[in-house]
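J.: As given, the protein sequences belong to chains A, B, C and D, one line each in that order.
Numbered per our numbering, the first sequence finishes at 270, counting up by one with no gaps.
Numbered per our numbering, the second sequence finishes at 270, counting up by one with no gaps.
Numbered per our numbering, the third sequence finishes at 270, counting up by one with no gaps.
Numbered per our numbering, the fourth sequence finishes at 270, counting up by one with no gaps.
Even for Gly, the Cβ is constructed at its ideal location relative to N, Cα and C.
4 protein chains.
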Amino acid sequence: MKKRIADGDNALLYLNPRRTYLVRIESGKSLHTHKGFVPYDSIIGKEYGTRTTSNLGVEFVALRPSLKDFIFKTQRRTQILYPKDIALIVMFSGIGPGSKVVEAGTGAGALTTALAHYVKPTGRVYSYEIREEFIKTALKNLEKASIARLVEVKNEDIMRGIAETNVDAVILDLATPWLVVPHAYSALRGSGAIVSFSPTIDQIVKTVEALRESGFVDIETIETLLRGMQVERGKTRPETLMTGHTGYITFARKSLRE
Amino acid sequence: MKKRIADGDNALLYLNPRRTYLVRIESGKSLHTHKGFVPYDSIIGKEYGTRTTSNLGVEFVALRPSLKDFIFKTQRRTQILYPKDIALIVMFSGIGPGSKVVEAGTGAGALTTALAHYVKPTGRVYSYEIREEFIKTALKNLEKASIARLVEVKNEDIMRGIAETNVDAVILDLATPWLVVPHAYSALRGSGAIVSFSPTIDQIVKTVEALRESGFVDIETIETLLRGMQVERGKTRPETLMTGHTGYITFARKSLRE
Amino acid sequence: MKKRIADGDNALLYLNPRRTYLVRIESGKSLHTHKGFVPYDSIIGKEYGTRTTSNLGVEFVALRPSLKDFIFKTQRRTQILYPKDIALIVMFSGIGPGSKVVEAGTGAGALTTALAHYVKPTGRVYSYEIREEFIKTALKNLEKASIARLVEVKNEDIMRGIAETNVDAVILDLATPWLVVPHAYSALRGSGAIVSFSPTIDQIVKTVEALRESGFVDIETIETLLRGMQVERGKTRPETLMTGHTGYITFARKSLRE
Amino acid sequence: MKKRIADGDNALLYLNPRRTYLVRIESGKSLHTHKGFVPYDSIIGKEYGTRTTSNLGVEFVALRPSLKDFIFKTQRRTQILYPKDIALIVMFSGIGPGSKVVEAGTGAGALTTALAHYVKPTGRVYSYEIREEFIKTALKNLEKASIARLVEVKNEDIMRGIAETNVDAVILDLATPWLVVPHAYSALRGSGAIVSFSPTIDQIVKTVEALRESGFVDIETIETLLRGMQVERGKTRPETLMTGHTGYITFARKSLRE
Numbered sequence: 013m014k015k016r017i018a019d020g021d022n023a024l025l026y027l028n029p030r031r032t033y034l035v036r037i038e039s040g041k042s043l044h045t046h047k048g049f050v051p052y053d054s055i056i057g058k059e060y061g062t063r064t065t066s067n068l069g070v071e072f073v074a075l076r077p078s079l080k081d082f083i084f085k086t087q088r089r090t091q092i093l094y095p096k097d098i099a100l101i102v103m104f105s106g107i108g109p110g111s112k113v114v115e116a117g118t119g120a121g122a123l124t125t126a127l128a129h130y131v132k133p134t135g136r137v138y139s140y141e142i143r144e145e146f147i148k149t150a151l152k153n154l155e156k157a158s159i160a161r162l163v164e165v166k167n168e169d170i171m172r173g174i175a176e177t178n179v180d181a182v183i184l185d186l187a188t189p190w191l192v193v194p195h196a197y198s199a200l201r202g203s204g205a206i207v208s209f210s211p212t213i214d215q216i217v218k219t220v221e222a223l224r225e226s227g228f229v230d231i232e233t234i235e236t237l238l239r240g241m242q243v244e245r246g247k248t249r250p251e252t253l254m255t256g257h258t259g260y261i262t263f264a265r266k267s268l269r270e
Numbered sequence: 013m014k015k016r017i018a019d020g021d022n023a024l025l026y027l028n029p030r031r032t033y034l035v036r037i038e039s040g041k042s043l044h045t046h047k048g049f050v051p052y053d054s055i056i057g058k059e060y061g062t063r064t065t066s067n068l069g070v071e072f073v074a075l076r077p078s079l080k081d082f083i084f085k086t087q088r089r090t091q092i093l094y095p096k097d098i099a100l101i102v103m104f105s106g107i108g109p110g111s112k113v114v115e116a117g118t119g120a121g122a123l124t125t126a127l128a129h130y131v132k133p134t135g136r137v138y139s140y141e142i143r144e145e146f147i148k149t150a151l152k153n154l155e156k157a158s159i160a161r162l163v164e165v166k167n168e169d170i171m172r173g174i175a176e177t178n179v180d181a182v183i184l185d186l187a188t189p190w191l192v193v194p195h196a197y198s199a200l201r202g203s204g205a206i207v208s209f210s211p212t213i214d215q216i217v218k219t220v221e222a223l224r225e226s227g228f229v230d231i232e233t234i235e236t237l238l239r240g241m242q243v244e245r246g247k248t249r250p251e252t253l254m255t256g257h258t259g260y261i262t263f264a265r266k267s268l269r270e
Numbered sequence: 013m014k015k016r017i018a019d020g021d022n023a024l025l026y027l028n029p030r031r032t033y034l035v036r037i038e039s040g041k042s043l044h045t046h047k048g049f050v051p052y053d054s055i056i057g058k059e060y061g062t063r064t065t066s067n068l069g070v071e072f073v074a075l076r077p078s079l080k081d082f083i084f085k086t087q088r089r090t091q092i093l094y095p096k097d098i099a100l101i102v103m104f105s106g107i108g109p110g111s112k113v114v115e116a117g118t119g120a121g122a123l124t125t126a127l128a129h130y131v132k133p134t135g136r137v138y139s140y141e142i143r144e145e146f147i148k149t150a151l152k153n154l155e156k157a158s159i160a161r162l163v164e165v166k167n168e169d170i171m172r173g174i175a176e177t178n179v180d181a182v183i184l185d186l187a188t189p190w191l192v193v194p195h196a197y198s199a200l201r202g203s204g205a206i207v208s209f210s211p212t213i214d215q216i217v218k219t220v221e222a223l224r225e226s227g228f229v230d231i232e233t234i235e236t237l238l239r240g241m242q243v244e245r246g247k248t249r250p251e252t253l254m255t256g257h258t259g260y261i262t263f264a265r266k267s268l269r270e
Numbered sequence: 013m014k015k016r017i018a019d020g021d022n023a024l025l026y027l028n029p030r031r032t033y034l035v036r037i038e039s040g041k042s043l044h045t046h047k048g049f050v051p052y053d054s055i056i057g058k059e060y061g062t063r064t065t066s067n068l069g070v071e072f073v074a075l076r077p078s079l080k081d082f083i084f085k086t087q088r089r090t091q092i093l094y095p096k097d098i099a100l101i102v103m104f105s106g107i108g109p110g111s112k113v114v115e116a117g118t119g120a121g122a123l124t125t126a127l128a129h130y131v132k133p134t135g136r137v138y139s140y141e142i143r144e145e146f147i148k149t150a151l152k153n154l155e156k157a158s159i160a161r162l163v164e165v166k167n168e169d170i171m172r173g174i175a176e177t178n179v180d181a182v183i184l185d186l187a188t189p190w191l192v193v194p195h196a197y198s199a200l201r202g203s204g205a206i207v208s209f210s211p212t213i214d215q216i217v218k219t220v221e222a223l224r225e226s227g228f229v230d231i232e233t234i235e236t237l238l239r240g241m242q243v244e245r246g247k248t249r250p251e252t253l254m255t256g257h258t259g260y261i262t263f264a265r266k267s268l269r270e
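Here it is as structure tokens:
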């Protein structure tokens with residue numbers, strides 16, 4: 013993996029845990045912040061991890077952006093799929109390098125980015141999205157994360173069917189996942205996984221019922237709570253603010269009908 | 013990906029959510045359960061996902077084992093690293109296909125299995141373990157998951173140093189992670205990640221202090237709670253039993269000293 | 013409050029946090045445990061809080077039973093109303109010394125005991141229970157907690173109506189609370205509180221709808237999670253075992269129809 | 013209990029779950045809100061629970077303030093003792109009508125209000141507070157809740173000792189509770205309860221150690237998480253916003269030294 017920062021690369025300029033800047037390094041330009049500006053020439057040619065200072069003398073660290081950074085920076089306020097949920101969706105879907113994955117909807121591409129990251133170098137993600145206005149944003153975010161070549165964003169309605177077959181996993185983050193369950197069954201290879209993310213109880217009841225009727229097994233629904241800790245000798249405690257709910261995750265695997 | 017079950021393959025024989033059997037298929041042999049025996053010849057040559065019945069007429073589904081299955085079946089009662097934690101450790105470490113990872117300790121190889129799965133096909137995991145009795149078990153579990161070729165299990169004490177350099181991530185699941193922090197700093201490439209899993213508050217305080225002193229940034233400690241849902245129309249509710257604590261996860265990234 | 017333990021009094025013999033014995037002290041008799049027997053005469057005439065030893069030399073502390081002890085000892089395996097829930101039910105119901113409270117069902121009397129404790133000395137609890145087999149147990153438990161005189165246990169079906177009027181609070185722990193909502197409205201004084209405890213989502217949806225239709229305001233549904241801590245210098249951590257769900261608590265207050 | 017609203021009474025004017033106004037009713041005056049003004053004369057002489065409308069035609073309900081309302085309205089931004097914690101503190105302390113309780117510090121009187129409510133009509137609360145600026149506020153809040161006669165607010169430092177003896181419970185919400193443990197031991201009757209609320213791990217470790225050294229038994233530390241539910245048919249789900257941490261509650265009971 014390349015160690016030195018070059019003109020045109022991405023970098024995460026880290027000021028503190030609450031203030032990070034995901035930028036494209038361009039020679040002759042600068043990042044402008046409330047703590048002064050940071051000329052990109054001061055980090056070009058340096059190793060990732062290098063420290064630099066703004067014109068006001070404040071220190072920044074130029075980190076290499078990781079998957080987590082691309083996901084967080086992709087998130088929009090209206091989205092509720094957090095890295096904690098993405099991590100579990102990826103693991104429970106069973107995907108990995110080389111997997112063939114169908115996803116809907118694309119949204120701003122946060123989950124798409126994670127799926128593409130993990131199916132590298134030979135896998136492929138087919139991402140369905142009916143809302144045209146999202147597709148441009150998603151493509152831009154996938155470009156930025158350098159994984160656009162692994163993804164086919166399709167401006168099609170997954171409720172009408174899935175064109176792909178012999179798929180390893182179908183990942184759903186949409187309002188009526190239960191309507192997609194029969195299509196997912198057709199698209200999946202035997203033993204393939206379906207994973208659905210939904211904020212309401214009604215959605216999970218309908219989805220689990222559809223899964224049971226369609227020949228899926230190993231059906232499970234969970235939710236996770238993530239709590240940050242303030243760690244300081246003599247004052248350690250959980251953080252006061254916490255997200256109480258993002259959504260429920262439902263998993264299942266396809267069994268073949270007789 | 014191969015679709016048909018052959019002699020010598022692994023399969024997960026699924027009876028119900030609480031009863032699954034991770035087996036190696038051998039022609040002429042059978043799985044013996046309290047619900048009767050299942051002759052492997054009845055599934056050899058079939059697609060993964062196929063249904064079969066025991067001699068007592070009870071149905072089993074022959075699933076292809078996924079990462080989650082290998083992890084769950086690797087777990088020992090004394091271990092407390094759950095798939096929910098493994099999923100977050102993997103995502104926050106930023107690793108992916110091609111990554112170079114150092115891990116300690118190996119234990120029975122649950123986390124090692126996940127790390128190796130995600131660095132396929134060209135990455136590598138160096139796993140330190142001082143307890144010889146664990147190494148044999150770990151190697152057997154890695155063989156079973158068909159990822160042993162990606163892992164080098166080292167019967168060495170990581171407290172004495174890390175031989176590898178330019179490492180993408182160091183993952184720690186041991187009693188005194190803070191003692192490894194300086195070695196991790198030396199082993200990591202600039203901007204590389206360290207992730208530590210610990211059950212007690214004292215461990216996270218000492219580890220976070222060591223990280224701050226050693227030049228790491230973006231330090232964060234979290235815990236997650238996972239709760240299952242019983243989903244049934246008119247009776248949906250969270251499950252009564254829940255694991256209240258597995259451990260805290262601490263993340264950080266290496267900044268270069270001036 | 014009486015400080016000395018007399019023949020006929022209750023005492024909680026405390027061995028360790030997991031082993032406590034709620035007993036009636038009788039001169040000439042003993043408590044028999046796996047740690048030996050404790051003759052009651054060794055504590056009669058002593059202050060509550062006194063230590064004594066069994067014939068095997070193991071120390072017990074003779075505590076005065078508190079409300080919490082009566083509740084815990086009343087609980088049956090099939091019940092899911094925990095002290096954490098009882099505490100919130102009591103507080104959110106707004107009851108206190110002198111309140112007039114209707115409850116259903118009585119069950120083994122755990123919640124009844126708490127309600128009676130807090131309405132002392134001049135309040136009253138009317139507790140409906142259709143299952144005769146529970147009533148005897150409940151009365152015995154109320155006797156033991158010395159609060160039976162404050163409670164009227166009624167072997168009647170609350171679904172058919174509530175005889176009491178001008179009630180301060182109606183507390184429901186039964187399978188179909190929404191069917192009682194109109195009766196509760198009639199029984200309550202203006203601004204009086206209704207509190208319902210239910211384990212499933214379906215129950216809370218139906219109950220909240222009934223409350224909205226019946227003229228209740230300030231409707232709120234919550235759940236609580238309680239986690240124990242293992243506190244020991246250098247090893248402090250949350251406990252591994254935890255109850256993931258007991259039930260949801262719904263509160264509301266009566267507004268008068270025009 | 014008085015049912016009609018009179019000049020000089022308190023009322024909680026309820027607009028919606030997020031907007032309630034705790035006011036003193038005065039003939040000839042009005043409540044001014046962003047939804048118009050509500051003349052108090054429109055509710056004087058009516059039953060609690062009555063509906064009225066502002067000059068802009070918006071409906072308000074005139075509820076009788078309950079303990080919960082007094083606590084919520086007493087809370088200041090800097091305080092972290094929530095009704096959920098107050099409910100558990102009250103229940104685990106074992107107090108009830110007639111109890112003699114010592115508390116420190118008073119703060120704005122939220123917990124004091126609850127303690128006084130439950131020891132009515134013959135109990136007494138002794139509340140220590142060294143910060144003079146809080147005492148005036150606390151007294152005002154106790155007056156408003158009509159329980160000031162049950163409380164003695166003492167502008168004294170509880171670290172120097174507790175003057176009261178034969179106390180049923182000592183309740184601590186201060187920065188260094190472990191320093192008060194020996195004084196609490198002296199003040200409590202045999203078998204009496206101590207309850208301490210603290211936000212940090214360090215505080216609970218020191219407090220539990222002090223309790224063990226001072227002759228307390230039945231020592232337990234817990235935390236609770238409260239999550240609200242959005243209840244609506246077809247859309248029911250947990251609320252997104254949640255408080256992740258208020259504090260830990262530690263309980264214990266006094267055993268007598270030999």
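Anything in chain A within Cβ reach of leucine 34/B, meaning under 8 Å, just list it in chain order.
T.: Residues of chain A passing the Cβ test: none, with the nearest at roughly 13 Å.
J.: Residues of the stretch 223-248 of chain B with a CB closer than 7 Å to any CB of chain C: list them in chain order, please.
T.: Within the stretch 223-248 of chain B, the qualifying residues are Arg239, Gly246, Lys247 and Thr248.
J.: Could you tell me whether any Cβ in chain D is nearer than 7 Å to the Cβ of isoleucine 98/A?
T.: Cβ-Cβ to chain D under 7 Å: no for isoleucine 98/A.
J.: I need the DSSP call for tyrosine 26/B, collapsed to helix, strand or coil.
T.: Tyrosine 26/B: strand per DSSP, three-state reduction.
J.: Identify every run of the alpha helix (DSSP H) within the stretch 20-91 of chain A, keeping only runs that are complete inside it and at least 4 residues long; order them along the chain.
T.: Entirely contained in the stretch 20-91 of chain A, the alpha helix (DSSP H) runs reaching 4 residues are, in chain order, 79-86.
J.: Mind pulling the chain E residues with CB within less than 7 Å of leucine 268/B?
T.: This model lacks chain E altogether; the protein chains it does include are A, B, C and D.
J.: Is isoleucine 213/A close to chain D? Criterion is C-beta to C-beta, closer than 7 Å.
T.: Isoleucine 213/A counts as touching chain D.
J.: If contact is defined by three or more beta carbon pairs under 8 Å, each pair taking one atom from either stretch, is the stretch 19-34 of chain C in contact with the stretch 230-248 of chain B?
T.: They do not touch, by the three-pair rule.
J.: So, are the CB atoms of alanine 264/B and isoleucine 206/B less than 7 Å apart?
T.: The answer is yes: Cβ separation under 7 Å.
J.: Start and end of the alpha helix (DSSP H) containing methionine 103/C?
T.: Note, methionine 103/C: alpha helix (DSSP H), 95-105.
J.: Looking only at its chain, what residues have a beta carbon closer than 8 Å to the beta carbon of aspartate 53/D, apart from the 5 residues adjacent to it on each side?
T.: Counting only Cβ-Cβ distances below 8 Å, and skipping sequence neighbours, we find Ser39 and Gly40.
J.: Compute the Euclidean distance between the alpha carbons of proline 211/A and phenylalanine 104/C, then round it to the nearest angstrom.
T.: Going by the C-alpha atoms only, they are around 28 Å apart.
J.: Under DSSP, the beta strand (DSSP E) around alanine 199/B begins and ends at which residues?
T.: Segment 193-199 is the alpha helix (DSSP H) holding alanine 199/B; no beta strand (DSSP E) there.
J.: At what residue ranges does the stretch 105-174 of chain C contain a whole run of the alpha helix (DSSP H), taking only runs of 4 or more?
T.: Taking only runs of at least 4 residues, the alpha helix (DSSP H) segments lying wholly in the stretch 105-174 of chain C are 122-131 and 144-156.
J.: Between the C-alpha atoms of arginine 89/B and glycine 20/C, what's the straight-line distance to the nearest angstrom?
T.: At arginine 89/B, the pLDDT of 48 sits below 50, so the modelled position is not reliable and the matter cannot be decided from this model.
J.: Since tyrosine 140/C and isoleucine 170/C are thought to touch, with beta carbons under 8 Å apart, how far apart are those beta carbons, to the nearest angstrom?
T.: Yes, they are in contact, since the Cβ atoms of tyrosine 140/C and isoleucine 170/C sit about 4 Å apart, within 8 Å.
J.: Closer than 7 Å, Cβ to any Cβ of chain A: which residues of the stretch 108-133 of chain D, in chain order?
T.: Going along the stretch 108-133 of chain D in chain order, one finds no residue with a Cβ nearer than 7 Å to chain A.
J.: With a threshold of 6 Å, establish whether the CB of glutamate 145/C neighbours any heavy atom of the ligand SAH.
T.: Absence of the ligand SAH is noted for the structure shown, with no ligands found whatsoever.
J.: Please go through the same chain and pick out, in chain order, the residues whose beta-carbon is closer than 6 Å to the beta-carbon of glycine 173/D, but skip the five residues on each side of it.
T.: Taken in chain order, the residues that qualify are His195.
J.: Where lysine 85/C and asparagine 22/C are concerned, what is the direct C-alpha to C-alpha distance, given to the nearest angstrom?
T.: When rounded, the distance between both Cα atoms is 13 Å.
J.: Counting C-beta neighbours from all protein chains within 10 Å, is the total for leucine 75/A 16 or more, i.e. buried, or is it exposed?
T.: The residue is buried, with at least 16 neighbouring Cβ atoms inside 10 Å.
J.: Identify whether valine 243/A lies in helix, strand or coil by the three-state DSSP scheme.
T.: Correct three-state label for valine 243/A: coil.
J.: For isoleucine 216/D, would you say it is in contact with chain C, using Cβ-to-Cβ distances shorter than 7 Å as the test?
T.: Yes, contact with chain C.
J.: So, at 7 Å on beta carbons, what are the nonlocal neighbours of alanine 199/B in its own chain, with the 5 sequence-adjacent residues on each side left out?
T.: Taken in chain order, the residues that qualify are Val114, Ile174, Glu176, Thr177, Val179 and Val182.
J.: Hey, is leucine 253/A's beta-carbon within less than 7 Å of any beta-carbon in chain D?
T.: Yes, leucine 253/A lies at the interface with chain D (some Cβ there is under 7 Å from its Cβ).
J.: Where does the unbroken beta strand (DSSP E) through isoleucine 261/B begin, and where does it stop?
T.: 260-266 is the extent of the beta strand (DSSP E) around isoleucine 261/B.
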